[in-house]
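Below is one structure, written out as structure tokens, with a few remarks after it.
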Amino acid sequence: MQKLIRASLFAALGAAAVLFAFGSVTAAPADDKLPEIAEIMKKGHAKTDGYITKVKEAVKGGKWEDAQKYAKDMNILGAAIGKNKPPKGDDKSWKALTDKYADTTQKILKGTEDKDAKATNAAISTISMSCGGCHSKHKPK
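FYI, in mature numbering (1 follows the signal peptide of the UniProt record, and there is no 0) the residues of the sequence shown are -27 to -1, 1 to 114.
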């Protein structure tokens, strides 16, 4: 009788473990939501704690692992921005500008992965100089 109870207990625990494991895999994490443009701009470009600033500081200090971490986060934002609808302006211009933005965030990531300060800083410079072109066409006043 004890063997039957013990076997039933292990079977129940096993079933609970399987349900728990598959339940957590199928649940969509909250991080899967598309970040809004304002959030992307704040996280990526804030003067003191934006990813661009953090990458630049990490590269300057030779902290490549930190630079890569922030560049990966920036690249995720770069890939997401074009999935948003432009608040102003036409879709064709938005696509061209956000594709360039995403491409530049990839270059920042590649520069940090290659531990190439010159390439990383060149990509950061490109993205930093692109603000006005996009904002003038797509940022509401």
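Using N, Cα and C, we set each Cβ at its ideal position, and we do this for glycine too. Nothing here was measured: the structure is a model prediction, and the numbers come from that model.
Classify K103 as helix, strand or coil using the three-state DSSP reduction. Translated into positions along the sequence shown, residue 103 becomes position 130. Sequence check: residue 103 is Ser here, not Lys. Residue state, collapsed to three classes: coil.
With a threshold of 7 Å on Cβ separation, who are the neighbours of F43 within its own chain once the five nearest residues in sequence on each side are excluded? In the sequence shown, counting from the first residue as 1, residue 43 sits at position 70. A quick correction: the sequence has Tyr, not Phe, at residue 43. Result list for Y43: Y24, K27, V28, A31, in chain order.
Taking all protein chains shown into account, do 16 or more other C-beta atoms lie within 10 angstroms of the C-beta of G106, making it buried, or fewer, making it exposed? Position 133 of the sequence shown, counted from the first residue, corresponds to residue 106. With fewer than 16 Cβ atoms within 10 Å of its Cβ, G106 is classed as exposed.
Please determine, among I49, A90, K61, the residue with the shortest C-alpha to C-alpha distance to Y74. Position 101 of the sequence shown holds residue 74. Looking at the Cα atoms, I49 is the closest of the given residues.
Start and end residues, alpha helix (DSSP H) containing G84: On the sequence shown, residue 84 is found 111 positions in, with the first residue counted as 1. Segment 64 to 86, the alpha helix (DSSP H) holding G84.
Could you check if K20 is buried or exposed, using at least 16 other CB atoms within 10 Å of its CB as the buried criterion? One-based indexing of the sequence shown puts residue 20 at position 47. Under this definition K20 is an exposed residue.
May I have the straight-line CA-CA distance separating P60 from P113, to the nearest angstrom? For the purposes of this step, residue 60 is taken as the residue at position 87 of the sequence shown. For the purposes of this step, residue 113 is taken as the residue at position 140 of the sequence shown. In a straight line, the C-alpha of P60 is about 7 Å away from that of P113.
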